[in-house]
Amino acid sequence: MDIQAIRREFPILAREMNGHALAYLDSAATTQKPRAVIAALSRYYEESNANIHRGVYRLSEEATRAYEDARGKVASFLGAPSPSAVVFVRNATEGVNLVAHGWGDRNVRAGDQILVTRMEHHANLVPWHLLARRTGAVIREIPITDDGRLDLAAFEALLSPRVKLVAVTHVSNVLGTINPVARIVASARAVGAAVLIDGAQAAPHLPIDLAVLDPDFYVVSAHKMLGPTGMGALVVRTSRYDEMDPFLGGGEMIRDVELDASTYADPPARYEAGTPDIGGAVAFGAAIDWLAALGMANVAERDRAVGTYAHARLSRLAGLRILGPGPGPDWAGSLVSFTLDAAHPHDIAQELDARGIAVRAGHHCCQPLMKRFGLAATTRASFSVHTTEAEIDRLVDALEGVVRKYAPRVGAGVGAGVGTGTGTGTGTGTGTGSGTGAGTGLGEDLGDDGLMREVVMDHYLHPAGREPVDGAQVEWSGKNPLCGDEVTLRLRLEGERIAGIQVLGHGCSISVASGSMLAVRLKGRTLPEARALLAGTKAMLRGEPLPAGLDLGDVEVLQGVRDLPVRVKCALLPWTTLEESLAHGETQGGHP
Ligand code: PLP
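The working numbering puts the first residue of the sequence shown at 30, with every later residue one more than the last.
#1: Verify the contact flag: C394, CB atom, against every heavy atom of ligand 1, threshold strictly below 7 Å.
#2: Of the choices G513, V503, T267, whose alpha-carbon is the least far from that of I530?
#3: Less than 7 Å between the CB of G261 and some heavy atom of ligand 1, yes or no?
#4: Is G261 buried or exposed, if buried means 16 or more other CB atoms sit within 10 Å of its CB?
#5: May I ask whether a heavy atom of ligand 1 can be found less than 7 Å away from the beta carbon of N120?
#6: Nearer than 7 Å: is that true of the beta carbon of H640 relative to any heavy atom of ligand 1?
#7: Would a C-beta distance cut-off of 8 Å place A57 and Q230 closer than the cut-off?
#8: What runs of the beta strand (DSSP E), each 3 residues or longer, lie entirely inside the region 517 to 603?
#9: State the Cα-Cα distance for the pair R345 and D376, rounded to the nearest angstrom.
#10: Indicate whether at least one CB of chain C lies closer than 8 Å to the CB of F412.
#11: If you draw a straight line from the C-alpha of V286 to the C-alpha of G280, how long is it?
#12: Sorry if obvious, but does the Cβ on N20 come closer than 7 Å to a heavy atom of ligand 1?
#13: Work out the CA separation of A79 and A316 for me, nearest whole Å.
#14: Report the option in G572, P257, A528 whose CA atom is closest to the CA atom of A68.
#15: Would you call the region 113 to 132 and the region 147 to 166 in contact, with 3 or more CB pairs under 8 Å?
#16: Using a threshold of 7 Å, is the CB atom of A298 nearer than that to any non-hydrogen atom of ligand 1?
#17: Residues in the same chain with beta-carbon distance under 7 Å from V590, minus the five sequence neighbours each way, listed in chain order, please.
#18: Who are the Cβ neighbours of S113 in its own chain at under 6 Å, not counting the five residues just before and after it?
#19: Could you tell me whether any non-hydrogen atom of ligand 1 is closer than 7 Å to the CB of S413?
#20: Let's see if you can read the secondary structure: which residues bound the alpha helix (DSSP H) around K508?
#21: Thinking just about the alpha-carbon of each residue, which of P63, Q396, A50, A104 is nearest to the one in I35?
#22: Taking all protein chains shown into account, do 16 or more other C-beta atoms lie within 10 angstroms of the C-beta of A183, making it buried, or fewer, making it exposed?
#23: Sort S268, Y293, I237, V249 by Cα distance to G324 and report the nearest one.
#24: Taking just the CA atoms, how far does G205 sit from V365?
#25: Who are the near neighbours of G578 in its chain, counting only those whose CB is closer than 8 Å to its CB and skipping five residues on each side?
#26: Could you check if D227 belongs to the surroundings of ligand 1, using beta carbon to heavy atom distance under 7 Å?
#27: For P354 and W360, I'd like the C-alpha separation in whole angstroms.
#28: For a test of your reading of the model: does the CB of A58 fall under 7 Å from any non-hydrogen atom of ligand 1? Yes or no.
#29: My output table needs one value for L320: the three-state DSSP class, helix, strand or coil.
#30: With A166 and D134 assumed to form a contact (beta carbons below 8 Å), what rounded beta-carbon distance in angstroms separates them?
#31: Where does R169 fall in DSSP's three states?
#32: For R191, which of helix, strand or coil comes out of DSSP?
#33: Okay, do the region 413 to 428 and the region 90 to 100 touch, 3+ Cβ pairs below 8 Å being the bar?
#34: Helix, strand or coil for I81 per DSSP?
#35: Suppose the cutoff is 8 Å on Cβ atoms and the five residues either side in sequence are ignored; what does the same chain contact list for A559 look like?
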């Protein structure tokens, strides 16, 4: 594959970010779009736009044909038995929900079992939680091994006639593991269970032949396959259609409607209520044409080459640990998730962003998987056909810079590990050591917000408020589930005055620094003053003007994160914890 020629097809790759060429390493979240897809979308609206199926005029017929052609392309790309097996949905998430309602509500009963794996995206967990709640079914776990593979022996042992459904991802969006779905389908079928496969991370990277895999349901998202957002597909084993009820009701999905009853169109129309995203389907078809022209075997080989290169280079970095099985036949190579001892994933992502590199940091909608590895968050670099080895080199160089800058905190409990105890009155007990040593690399070129970063790093490396407070009457913990950051506040009140304050916990530089600033600002203040500082900080982070006369001190530098909603949550954590503790005190009558 001529990667440079491929790159020229993606207009967005010509962009600069923070003064650097954009290195987009977040294709597992959503892919960038080649010109052919963008052109197909605008050509549809410029030349063919009309509502489909019902129009008795040529333009509508043209639009209908384009929409149905796209269905045919999805079917042949995935090896579906026929175009009518393909239901267009908004995304993989909607596909799973359609099955949970359309099939699950009719076929799953109290006491039935739904098997899910610990590496599922929330999209392939929460709909089953809801179904279990509606029906009284039971969710059971297919465990995974330490190297991020499914424990197949445990899976086989779980199978019984009580299992109604097995829901499993084809490729993990955190580990890159390719699960043996053909074997899973065969074993599940032997006990009469249906199988839903989440193909969101597989279809963009592997040749898929559903005729061979033969699952009951397979879901994909167009936006992860170089196509548009708001479009996806559910492929249904056609015999399962007979066991399903409509999910949404309305136009398009009916045959005949009386005032008090209706009959339904044949599938797939039965499951496509209302006007669909016609342009999105057309553009999805164009994305599929584009991938098919590259050849999915070639795409898979290229992913493996880039992934293997990234894996090798990253694993040589001291203090960096990669999750998942790594290079081998059951690894897609399309992504690498890792932790770095020196820094929190949010800090890593922001530092990389300052160098034009886009990666994802957080739990990746896989909280049960994170818990399995005792983590709250990782950093994930994920690849597409335009990814180059030079971009991986930039990633590694930038990470070396992060290590130099954040290394002084190593050992001071700043990792993204899961602490214990949120809620009332529980100490965290982790990450309470104070940072030592001066930060190296603080003078590095960090972009325009140098002052903020310097102040933040100073608080982060030498946080205030860590000293124990004797006789604290108030103790409250808060947690940011996005990244696992935790804060525990302990306050000693003398009447209305905060005589002592201790801020414990662990997290990224922003949340630790924000907690340190809070400690400095609140000590010795009265509760009304604390409430005013709290209101001012929240207003500032919402982009509102500060109340006249309010001096937030160092806290003011945190307005540098205002445009980054994820980081706003980090900055707010100590303050929302304070707010909750004050509100709790009021309701309990414990403090004013
Ligand atoms: N399944 C997996 C494995 C994913 O990685 C994702 C998205 O990241 C989804 C499902 C949900 O995709 P969507 O948000 O497009 O519905």
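Even for Gly, the Cβ is constructed at its ideal location relative to N, Cα and C.
A quick look at the data gives this:
#1: Residue 394 sits at position 365 when you count from the first residue of the sequence shown. The answer is yes for C394.
#2: Taking the sequence shown and counting its residues from 1, one reaches residue 530 at position 501. Residue V503 is the option with its Cα nearest to I530.
#3: Here residue 261 refers to the residue found at position 232 when the sequence shown is read from its first residue. Yes.
#4: Residue numbering aside, residue 261 sits at position 232 when the sequence shown is read from its first letter. Answer is buried; the Cβ neighbour count reaches 16.
#5: Taking the first residue of the sequence shown as 1, we reach residue 120 at position 91. Yes.
#6: In the structure as shown, the chain begins at 30 and stops at 621. Residue 640 is therefore absent and cannot be evaluated.
#7: Your numbering for residue 57 matches position 28 in the sequence shown. Your numbering for residue 230 matches position 201 in the sequence shown. Contact: yes.
#8: 526 to 535
#9: Numbered from 1 along the sequence shown, position 316 holds the residue referred to as residue 345. Numbered from 1 along the sequence shown, position 347 holds the residue referred to as residue 376. Answer to the nearest angstrom: the Cα atoms are 21 Å apart.
#10: Chain labels in this structure do not include chain C; a single protein chain is all it has.
#11: Numbered from its first residue, the sequence shown carries residue 286 at position 257. Numbered from its first residue, the sequence shown carries residue 280 at position 251. When rounded, the distance between both Cα atoms is 10 Å.
#12: Residue 20 lies beyond the range of the chain shown here (30 to 621); nothing can be said about it.
#13: Translated into the one-based positions of the sequence shown, residue 316 becomes position 287. Translated into the one-based positions of the sequence shown, residue 79 becomes position 50. Approximately 21 Å, taken between the alpha carbons.
#14: What you label residue 68 is simply residue 39 of the sequence shown in a count that begins at 1. When each option's Cα is compared against that of A68, the closest is P257.
#15: yes
#16: The sequence position of residue 298 within the sequence shown is 269, counting from 1. A298: no, Cβ never under 7 Å from ligand 1.
#17: Residue 590 sits at position 561 when you count from the first residue of the sequence shown. Answer for V590: I539, R596, V597, A600, listed in chain order.
#18: Mapped onto the sequence shown, residue 113 falls at position 84. Contacts found: P297.
#19: By one-based count along the sequence shown, residue 413 stands at place 384. Outside the cutoff, so no.
#20: By one-based count along the sequence shown, residue 508 stands at place 479. K508 -> not in any alpha helix (DSSP H); beta strand (DSSP E) instead, spanning 503 to 509.
#21: For the purposes of this step, residue 35 is taken as the residue at position 6 of the sequence shown. The option with the nearest alpha carbon to I35 is P63.
#22: Translated into positions along the sequence shown, residue 183 becomes position 154. Exposed is the call here.
#23: For the purposes of this step, residue 324 is identified with residue 295 of the sequence shown, where counting begins at 1. It is I237 whose Cα lies nearest to the Cα of G324.
#24: By one-based count along the sequence shown, residue 365 stands at place 336. By one-based count along the sequence shown, residue 205 stands at place 176. Cα-Cα distance, rounded: 7 Å.
#25: For the purposes of this step, residue 578 is identified with residue 549 of the sequence shown, where counting begins at 1. Nothing listed; no residue qualifies.
#26: As a first step, residue 227 must be located in the sequence shown, where it is residue number 198. Correct: D227 has its Cβ closer than 7 Å to ligand 1.
#27: As a working mapping, residue 354 is identified with position 325 in the sequence shown. As a working mapping, residue 360 is identified with position 331 in the sequence shown. Cα-Cα distance, rounded: 7 Å.
#28: The sequence position of residue 58 within the sequence shown is 29, counting from 1. For ligand 1, at least one heavy atom lies less than 7 Å from the Cβ of A58.
#29: In the sequence shown, the residue the question calls residue 320 occupies position 291. Residue state, collapsed to three classes: helix.
#30: As a working mapping, residue 166 is identified with position 137 in the sequence shown. As a working mapping, residue 134 is identified with position 105 in the sequence shown. Not confirmed; about 11 Å, so no contact.
#31: Here residue 169 is taken as the residue at index 140 of the sequence shown, counted from 1. Looking at R169 - three-state DSSP - the assignment turns out to be strand.
#32: Position 162 of the sequence shown holds residue 191. The answer is coil: DSSP assigns R191 none of H, G, I, E or B.
#33: no
#34: In the sequence shown, residue 81 corresponds to position 52, counting from 1. Here I81 sits in coil by DSSP.
#35: To locate residue 559, count along the sequence shown from 1; it is residue 530. Cβ within range, chain order: I527, L551, L607, L611.
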